[in-house]
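From first to last, the protein sequence lines stand for chains S and G. Number 1547 in the working numbering belongs to position 209 of the first sequence; there are no gaps in the numbering. Number 173 in the working numbering belongs to position 164 of the second sequence; there are no gaps in the numbering. Here a beta-carbon is modelled for each residue, glycine too, at the ideal position from N, C-alpha and C. To keep things clear, I will list the structure first and then write my remarks on it.
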Amino acid sequence: MKSQLVLFAAGAVLGSIVVLGAQQPPGGGQGRPGGQGPGGAGRQGGNPQATFPAQQRPLADPTLIARGSGLYGVHCRLCHGSDLRGGEAGGPNLLRSQLALNDQDGELIGPVIAQGRQTPGQPSMPAIPLPPEDQRAVAAYIHSVHATMRGQGSPPAGPAAELNILVGDAKAGEAYFKTNCSSCHSPTGDLQGIATRFPDPVQLQNAWVAGGGGRGRGAGSARRQATVIVTPQNGQKVEGRLDRIDDFMVILTTPEGMQRSFSRSGEVPIVQVRDPMERHRRMLADYTDNDIHNVTAYLVTLK
Amino acid sequence: MKIRRPFLTAALLVAPVLMAAQAPATPVPYQPGLDPAVIRKPLAESWPTYSGDYTSRRYSALKQVDRGTVKNLTLAWTARVNAGNPRGTGTAFPMIVGGEGTGEFNATGGSTVKGGILNVNDILYVTAPDNVWAMDARDGRVLWQYFWKTKGGTHIGNRGAAIWNNYLFVETPDNYLVSLDARTGKERWHVEIADFEQQYFSTMAPIVVDNHVLVGTGNDLDAPGFLQSYDPETGKRQWIWYSVPMNPGDPGLETWPNLDAARHGGGQVWVPGSFDPETRLYIFGTGNPTPGYTGAGRRGDNLFTGCLVAVNVDTGKMAWYFSTSPHDTHDWDSSQTPILIDGTINGKPRKLVSTAARNGYFFTLDRVTGAHVVTTKFGSYANGHKAIRPSGSPEFDLSKEATIPGALVSPVEGGVTNWQPPAFSPDTGLFYVHEQNGFNMLYLTDPDPRGSMGLGGKNRVPVGELDNFLTAIDYRTGKPTWKHKYPGAGSSAGMLVTAGSVLFTGDGSGNFVAFDATNGKILWHTRIGNISNAPQTYMVDGKQHVLVAVNDTLYAFRMY
Chain S
1339 MKSQLVLFAA GAVLGSIVVL GAQQPPGGGQ GRPGGQGPGG AGRQGGNPQA TFPAQQRPLA
1399 DPTLIARGSG LYGVHCRLCH GSDLRGGEAG GPNLLRSQLA LNDQDGELIG PVIAQGRQTP
1459 GQPSMPAIPL PPEDQRAVAA YIHSVHATMR GQGSPPAGPA AELNILVGDA KAGEAYFKTN
1519 CSSCHSPTGD LQGIATRFPD PVQLQNAWVA GGGGRGRGAG SARRQATVIV TPQNGQKVEG
1579 RLDRIDDFMV ILTTPEGMQR SFSRSGEVPI VQVRDPMERH RRMLADYTDN DIHNVTAYLV
1639 TLK
Chain G
10 MKIRRPFLTA ALLVAPVLMA AQAPATPVPY QPGLDPAVIR KPLAESWPTY SGDYTSRRYS
70 ALKQVDRGTV KNLTLAWTAR VNAGNPRGTG TAFPMIVGGE GTGEFNATGG STVKGGILNV
130 NDILYVTAPD NVWAMDARDG RVLWQYFWKT KGGTHIGNRG AAIWNNYLFV ETPDNYLVSL
190 DARTGKERWH VEIADFEQQY FSTMAPIVVD NHVLVGTGND LDAPGFLQSY DPETGKRQWI
250 WYSVPMNPGD PGLETWPNLD AARHGGGQVW VPGSFDPETR LYIFGTGNPT PGYTGAGRRG
310 DNLFTGCLVA VNVDTGKMAW YFSTSPHDTH DWDSSQTPIL IDGTINGKPR KLVSTAARNG
370 YFFTLDRVTG AHVVTTKFGS YANGHKAIRP SGSPEFDLSK EATIPGALVS PVEGGVTNWQ
430 PPAFSPDTGL FYVHEQNGFN MLYLTDPDPR GSMGLGGKNR VPVGELDNFL TAIDYRTGKP
490 TWKHKYPGAG SSAGMLVTAG SVLFTGDGSG NFVAFDATNG KILWHTRIGN ISNAPQTYMV
550 DGKQHVLVAV NDTLYAFRMY
């Protein structure tokens, strides 16, 4: 059961690559959950739609992997790390090791276990007297971890780290807010309860830096759309929500819900865009990271 | 289930062979082949290499299309390419199938043309991952298609083919250099150029120089980058140059904490460079160091990643390097194609090379010695660096690395510019490049002191962008002579400039636009969608053509 769970997680990870990695082809998304591989339950198949061999190859027998995991914990973990990414005793990262990635079934990893290894610039690895079947088990375990690596060379998902982004000074943030933000925003108006609407400080921070997160009407309301006034040569102004603009066209929707489009040629017609977010966006060039962290520390108090 | 899978595989293997046999006998197009020496000539009638010629200026001597006549450009033809193996449907042209894979890998979306298109003797050679098409430049008719059954690999794009006499060369996502007969599309040979198990993937357009075929590769998993040279006849490797130190005592090792970090340090060579026949130097940019976002385990300048590098094409030995992005921690590689410029600095004629890097800095160097001439910041809001060193290299700002509480960083991961090629006109003295000014919040999500791997360990969140420009930079000062601000979306499209003083590019709002190269005034446009490569130009039957790709569709415009 344990190995089933591990394999299911691997399938889920493969499935999520598409979303996470921009460089991953869509084909990588057809991950097969554990238990549905061509070998049926017991000996799981790899995913031929995965991008690279470490995820394509069928995994070894779960019992062999489980035995390899135990042996790894005893003989390898101290140097190579419990996550295979290198350990305190200086062993290299096995998830990006050329030898480990090229190994298919212990034929490269086995001799290194049995004979040890000298690599320039690294602590030498002692020989570990394991029989060939145990060497194969360790290799099978290493490959089972390779199979869970994520897109663009990212390592397998580890345990969720508790990362506290609230390092700012709320008082300094409040002072910054009063100086730079209060002409449009108010802690008792549009920003009231912003920390309740965004209980995760990371999302709160991203939202306000991007110019969103407020609520209500009038100045400082939620992210507002740009409007545009188009004045053709006949002088009959048309005003509405800006839908698209480039050097050759402007498209707007009038308050009555009608979409109008105008060709542009230089200054004709006259096009005046009013973007209420313009000033907010310009601030991207001015914030220091301390400003951002301080303001976030202040905003999380607005529950 | 167990029985059906191998059967299906066998059917896929057999089908293309049958189709090729059933295809009507197609006459081989007249084609005398390409003498590689032609690539040394100024770019005009044809387009015989990725950038048109070795200078990579993307400056055509053609003048039929100029500032006055460009408004008369008319659509000559359009053609849509269809990647993959057309199972059972048959084609009006020979379909040649190769590859080491089973045909099972589903490389969806592989028809996007993101590379240079060769034009040799009025035949176009178009590529997408796993696919090569030969087309008649007169009407876009497909003459043959080559399809490579892949083993997998990252199918992000293919930057084009190279030609040497009657041989074509193309890289595959699973790291083969494939050589085809340019007349028939039949495969001559394929050789493995990088290890698929190490998660290399190959996209670069090979560059032919005399009897060398230069190839680079890509990788996201902390593997060393390299440039290789192959024999165009035999496919035998001539040399390999690593962009990171691989052995004790190798130059540059002092810029890494240890050999293991260096050997996993990246620096992929995935965009074509330029070639200077006088010095025999191939000059190109190297990719970012790895792990990409967590620099703690690789403190130092991380040579020769993020560099402009000059390698002798005959020996594979590095002549000089210049660090354009020391110790990058933002995936801002320096792979962008550099441009060779015969210019004048302080009244003296100089042999120069200029490059606009993804990190937002512009450089002009002496291309013979690598000596520094100019550094400026062309990304108006780029904030990953805090100063320019006396050497001319930008000084990285450690406070703008990914942090747990978040760093506000410009540009975004894609950079101020990226692989899309810039252009240079000797008439205006201007270097044309798109300037994209986006912002990210960059969070460290894997604070492990060992560092993460690949491009992992971070979260990048787009939080907005400021003005985006088409920017024309004076190579002598590094300062913009003019800028065109896009009122809508910014663009990353590649550039073409001509002796008719017309600059062609895409605007990011779906328009293909002709600008006056001297001042940025708009001359002509057509809304065909966002272009996915760089525009090109050549002559067919005495008429100037302009060719551009929008995803899977080619548009050829001509003067009547």
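Span separating the alpha-carbon of residue i from that of residue j
{"i": "M155(G)", "j": "L1542(S)", "result": "This sequence places Tyr at residue 155(G); Met is not what is there. Taking the straight line from one Cα to the other gives about 51 Å."}
{"i": "Y564(G)", "j": "A137(G)", "result": "16 Å"}
{"i": "D229(G)", "j": "G296(G)", "result": "10 Å"}
{"i": "G1367(S)", "j": "K360(G)", "result": "Confidence in G1367(S) is poor, its pLDDT being 30 and thus under 50, which makes the residue's placement unreliable; the coordinate value appears in the next sentence. Roughly 49 Å separates the two Cα atoms."}
{"i": "T454(G)", "j": "W341(G)", "result": "19 Å"}
{"i": "E474(G)", "j": "N1544(S)", "result": "14 Å"}
{"i": "V151(G)", "j": "D145(G)", "result": "7 Å"}
{"i": "G294(G)", "j": "M568(G)", "result": "36 Å"}
{"i": "R1598(S)", "j": "Q1610(S)", "result": "15 Å"}
{"i": "G244(G)", "j": "W173(G)", "result": "13 Å"}
{"i": "R1423(S)", "j": "N1518(S)", "result": "45 Å"}
{"i": "H572(G)", "j": "L236(G)", "result": "Residue 572(G) lies beyond the residue range present for chain G, which begins at 10 and ends at 569; the question has no answer from this structure."}
{"i": "V1356(S)", "j": "D1581(S)", "result": "With a pLDDT of only 30 at V1356(S), under the threshold of 50, the placement of this residue in the model should not be trusted, and no figure is reported."}
{"i": "H336(G)", "j": "A305(G)", "result": "10 Å"}
{"i": "R536(G)", "j": "S461(G)", "result": "43 Å"}
{"i": "S1601(S)", "j": "A558(G)", "result": "25 Å"}
{"i": "H273(G)", "j": "L1432(S)", "result": "12 Å"}
{"i": "D457(G)", "j": "D1584(S)", "result": "45 Å"}
Residue i versus the options, residue with shortest Cα-Cα distance
{"i": "P1384(S)", "options": "H1481(S), Y1514(S), G1511(S) and V1576(S)", "result": "The sequence shown places Gly at residue 1384(S), not Pro. Nearest C-alpha to G1384(S): H1481(S)."}
{"i": "G125(G)", "options": "T212(G), W153(G) and E113(G)", "result": "T212(G)"}
{"i": "L439(G)", "options": "T486(G), T87(G) and G274(G)", "result": "T486(G)"}
{"i": "V224(G)", "options": "A232(G), E206(G) and E201(G)", "result": "E201(G)"}
{"i": "N580(G)", "options": "D375(G), G261(G) and E242(G)", "result": "Outside the displayed range of chain G (10 to 569) lies residue 580(G), so it cannot be described from this structure."}
{"i": "V1638(S)", "options": "Q1473(S), A1508(S) and G1444(S)", "result": "A1508(S)"}
{"i": "A1427(S)", "options": "R459(G), Y547(G) and H493(G)", "result": "R459(G)"}
{"i": "F371(G)", "options": "F405(G), P414(G), S334(G) and K395(G)", "result": "S334(G)"}
{"i": "A1635(S)", "options": "E1605(S), F1536(S) and V1588(S)", "result": "F1536(S)"}
Classification of residue i by the beta-carbon crowding that lies within 10 angstroms, buried from 16 upward
{"i": "R1405(S)", "result": "buried"}
{"i": "M1645(S)", "result": "Given a span of 1339 to 1641 for chain S in the structure shown, any question on residue 1645(S) remains unanswerable."}
{"i": "P1607(S)", "result": "buried"}
{"i": "L84(G)", "result": "exposed"}
{"i": "I249(G)", "result": "exposed"}
{"i": "E263(G)", "result": "exposed"}
{"i": "S1520(S)", "result": "exposed"}
{"i": "A481(G)", "result": "buried"}
{"i": "T353(G)", "result": "exposed"}
{"i": "S408(G)", "result": "exposed"}
{"i": "G1444(S)", "result": "buried"}
{"i": "G1359(S)", "result": "Annotation note: pLDDT 31 at G1359(S) (below 50); position unreliable, no value reported."}
{"i": "P233(G)", "result": "buried"}
{"i": "K530(G)", "result": "exposed"}
{"i": "E444(G)", "result": "buried"}
{"i": "G551(G)", "result": "exposed"}
{"i": "A171(G)", "result": "buried"}
{"i": "G1556(S)", "result": "Note on G1556(S): pLDDT 42, under 50, position unreliable in the model; no value is reported."}
Unbroken alpha helix (DSSP H) run spanning residue i, endpoints
{"i": "R1535(S)", "result": "I1532 to R1535"}
{"i": "A1438(S)", "result": "Q1436 to N1440"}
CB contact flag (residue i, residue j, <9 Å)
{"i": "G1550(S)", "j": "N1632(S)", "result": "no"}
{"i": "V218(G)", "j": "Y330(G)", "result": "no"}
{"i": "A543(G)", "j": "S518(G)", "result": "no"}
{"i": "D139(G)", "j": "G108(G)", "result": "yes"}
{"i": "I165(G)", "j": "Y59(G)", "result": "no"}
{"i": "Y302(G)", "j": "L464(G)", "result": "yes"}
{"i": "S65(G)", "j": "S283(G)", "result": "yes"}
{"i": "A1623(S)", "j": "Y185(G)", "result": "no"}
Neighbour flag for residue i against chain C, beta carbons, 9 Å
{"i": "L1433(S)", "result": "Judged by its chain identifiers, the structure shown contains no chain C, and its protein chains are S and G."}
Residue i: first and last residue of the uninterrupted beta strand (DSSP E) it sits in
{"i": "I531(G)", "result": "I531 to R536"}
{"i": "P1400(S)", "result": "Counting along the chain, P1400(S) falls outside any beta strand (DSSP E), though it belongs to the alpha helix (DSSP H) covering P1400 to H1413."}
{"i": "Q73(G)", "result": "Here Q73(G) belongs to no beta strand (DSSP E), and DSSP marks it neither H nor E."}
{"i": "D483(G)", "result": "F478 to D483"}
{"i": "G294(G)", "result": "L290 to G294"}
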